[in-house]
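Here is the structure we will look at, set down as structure tokens.
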Amino acid sequence: MVPKVLIVCLGNICRSPMGEAVLRKVAKDRDIDIVVDSAGTGAYHLGEEPDERTTSTCEKSGVPISHEARQVQDKDFYSFTHILAADTSNLNDLLRKKPEDATAEVKLWGSYLDGKSIPDPYYGGIQGFENIYQQCVKLSNAFLDTLSGAPSASL
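Okay, structure coming up:
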């Protein structure tokens with residue numbers, strides 16, 4: 001079965017669309033078949049494109065990014081195999097919303113590497129976006145290692 005992964009942050013314009021783009025690129029580079037999407041727990045930016053700093057950071061690193069912000073829906077807990085939260089606050093929101101019979105595994109994305117949350121760079125400068133980009137690369141490789149048992153490759 002092809003893994004279907006949903007990466008989740010608060011507004012779905014910074015961390016989760018970057019994580020989606022990076023995970024998709026790393027999986028492609030490693031020749032791993034995967035479906036990736038992203039969403040937010042909040043409805044603050046529905047229909048918006050990713051933050052310009054997210055887009056520029058990804059494009060500078062050769063990672064294609066195209067996304068329209070959306071909110072997590074009940075059906076996501078059944079249509080994805082993995083729902084990965086950017087931080088513990090969003091993880092707690094997801095666990096509260098998760099239907100009892102949901103089939104998706106809901107975890108902190110950082111639990112695949114060092115247990116750390118991805119900090120929200122929204123109110124900071126470009127360096128914060130570059131930092132979370134590097135974190136997304138590491139987390140993508142760690143997550144894919146868990147799925148495939150293959151050694152890490154870097155982007």
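For the sequence shown, full-length UniProt numbering puts the final residue at 155, and the numbers step up evenly by one.
Ideal Cβ placement from N, Cα and C applies to all residues, glycine included.
Computed from a predicted structure; not experimentally measured.
Using 7 Å as the cut-off, classify the Cβ of residue i as near or not near the heavy atoms of the ligand GDP, replying yes or no.
i, result
"Ala102", "Inclusion of the ligand GDP in the displayed structure is not the case, the ligand content being empty and no account of it being possible."
Could you check which residue in the options has the C-alpha nearest to that of residue i?
i, options, result
"Gly115", "Gly125, Lys138 and Leu95", "Lys138"
"Lys60", "Asp37, Asn92, Val22 and Val2", "Val22"
"Glu52", "Asn141, Phe77, Tyr123 and Asp101", "Tyr123"
"Thr146", "Lys25, Leu113 and Phe77", "Leu113"
"Tyr78", "Gly125, Val106 and Thr54", "Val106"
"Ala43", "Cys9, Lys75 and Gln134", "Cys9"
"Lys97", "Ile126, Leu84, Asp74 and Val26", "Asp74"
"Gly125", "Leu84, Asp93 and Thr54", "Thr54"
Throw me the rounded Cβ distance for the residue i and residue j pair, which I believe falls under 8 Å.
i, j, result
"Phe143", "Thr57", "With a Cβ gap of about 20 Å, Phe143 and Thr57 do not count as contacting."
"Gly11", "His45", "5 Å"
"Gly47", "Gln71", "No, Gly47 and Gln71 are not in contact; Cβ-Cβ is about 10 Å, not under 8 Å."
"Pro99", "Pro50", "Their Cβ separation, rounded to whole angstroms, is 28 Å, which puts Pro99 and Pro50 out of contact at 8 Å."
"Ile13", "Ala69", "5 Å"
"Ala104", "His82", "6 Å"
Going by the CB atoms, is the gap between residue j and residue i shorter than 8 Å?
i, j, result
"residue 165", "Ser38", "Past the boundaries of the shown model lies residue 165; the chain is included only from 1 to 155, so the question cannot be answered."
"Leu108", "Leu95", "no"
"Ser117", "Asp87", "yes"
"Ser148", "Ile65", "no"
"Asp120", "Arg24", "no"
What ranges does the beta strand (DSSP E) occupy inside the segment 71 to 102, keeping only unbroken runs of at least 3 residues that lie completely in it? 82 to 85
Indicate whether the contact test is met: 3 or more Cβ pairs, each with one atom in the segment 28 to 38 and one in the segment 3 to 17, closer than 8 Å. yes
With a floor of 3 residues, list each beta strand (DSSP E) that falls wholly inside the segment 97 to 152, ordered by position along the chain. 105 to 108
Report the residue ranges of all beta strand (DSSP E) runs contained in full by the segment 20 to 72; include only those spanning at least 3 residues, in chain order. 35 to 40
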